[in-house]
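The sequence shown begins at -5 in the working numbering and counts up by one.
Glycine is no exception: its CB is placed at the ideal position from the N, C-alpha and C atoms.
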Amino acid sequence: MPQIIKKPHKLIKWASKSRWGLGALALILLGSIIGTLFTGDDISEIAKIIALLVIAAVALLILRDPDKKQGQRDAIAELEPKNTLQAAAVCFRIENGTPLYLLIKTRGQRRIFPKGKVKKEELAWLAAEREAKEEAGVSGKINKVCLTKYWHRSPGNVKQYSVAVYLLAVEKLNKPKEKNRSPKWFSFKSAKEALIKNRTKAQSKNLIRVLQVAHSKIMGNN
């Protein structure tokens, strides 16, 4: 029996790394078959081993690649390299036919929508709902369809975040899990002023756009 066939586990591991490996495996095995014609090895035994090797290698490749490749494609489609996905909730309630918006304080004492990083394998809308509960003590009905997105840079421009935004109709307000967030209700006009305060024009631009998109959506539904 050819030497390469005597260590099938190593052959499978090597070949399953890529489709090129499978192609090379096929050539190696073809050579092994031809070799048996000259060495007198039992062709039926070799044929069985070949069949098992090919089936195992193909199975490993199929099981290993699709999810990994799809995950890479999804990440590239959703974000640029080195960017992190965050989710934000525009929390609102209707009072006398007019929407009010709930804003919290950042550690720098600026007003902002509840937001945070999307955890591994967590849906963005679930992350927005979770952050609203943790930072603002909010529970209610969230719209699972992304309202809009915006780019946000961390202090010092160390990281850039792609923030997915969701509307959340507040039904109940409890004490936030996180301290010093000071959730407060604002009218559309006062919310706009609060988002601008202590920010540069460039910093507040995206937040104002998010507020305007949310306001238009809410007013269109009421």
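Cut-off 6 Å between Cβ atoms - residues of its own chain near Arg87, not counting five sequence neighbours on either side
Answer for Arg87: Leu94 and Val164, listed in chain order.
Cβ neighbour criterion (16 or more within 10 Å) applied to Val139
It is exposed - the Cβ of Val139 has fewer than 16 other Cβ atoms within 10 Å.
Reference Ser184; option with closest CA among Gly91, Lys109, Arg105 and Ala82
Closest by alpha carbon: Arg105.
Kindly indicate the opening and closing residues of the alpha helix (DSSP H) around Glu123.
Note, Glu123: alpha helix (DSSP H), Ala118 to Ala130.
Nearest-angstrom Cβ-Cβ length linking Leu162 and Val84, presumed shorter than 8 Å:
The pair is a contact, with the Cβ atoms about 7 Å apart (cut-off 8 Å).
Decide yes or no for the touch test of the stretch 118 to 132 against the stretch 189 to 199: beta carbon pairs closer than 8 Å, at least 3 of them.
Output reads no: the stretch 189 to 199 does not touch the stretch 118 to 132.
Hey, Ala82 and Val159 are a contact pair by Cβ (cut 8 Å); roughly how many whole angstroms apart?
That belief holds up - the Cβ atoms of Ala82 and Val159 are roughly 5 Å apart, short of 8 Å.
Same chain, Cβ closer than 8 Å to Glu125, neighbours up to 5 away in sequence not counted
The beta carbon of Glu125 sits closer than 8 Å to the beta carbons of Ala81, Ala82, Ala83, Pro108, Lys109 and Gly110 from its chain, once the five residues preceding and following it are set aside; these are given in chain order.
Reduced DSSP category for Lys173 - H, G, I as helix; E, B as strand; rest coil:
Lys173: coil per DSSP, three-state reduction.
CA nearest to the CA of Ile212, picked from Lys169, Phe182 and Gln197:
Nearest neighbour of Ile212 by Cα position, chosen from Lys169, Phe182 and Gln197, turns out to be Phe182.
Which residues in the same chain have their Cβ closer than 7 Å to the Cβ of Glu172, if we skip the five residues on either side of it in sequence?
Closer than 7 Å at Cβ, skipping near neighbours: Glu128 and Glu129.
Arg175 burial status per 10 Å Cβ neighbour count (16 or more: buried)
Counting the other Cβ atoms within 10 Å of the Cβ of Arg175 gives 16 or more, which makes it buried.
Return the CA-CA distance between Lys99 and Leu167, expressed in angstroms with no decimal places.
So the alpha carbons of these two residues sit roughly 16 Å apart.
For Arg147, tell me which candidate among Leu141, Phe180, Leu201 and Lys169 has the shortest Cα-Cα distance.
The candidate whose alpha carbon is nearest that of Arg147 is Leu201.
Nearest by alpha-carbon distance to Val157: which of Asn215, Asn137 and Ala122 is it?
Measuring from the Cα of Val157, the nearest candidate turns out to be Ala122.
Spatial neighbours of Asp61 within its chain, please: CB distance less than 6 Å, with the 5 preceding and 5 following residues excluded, ordered by chain position.
Model confidence at Asp61 stands at a pLDDT of 47, short of 50, so the residue's coordinates are unreliable and nothing is read from them.
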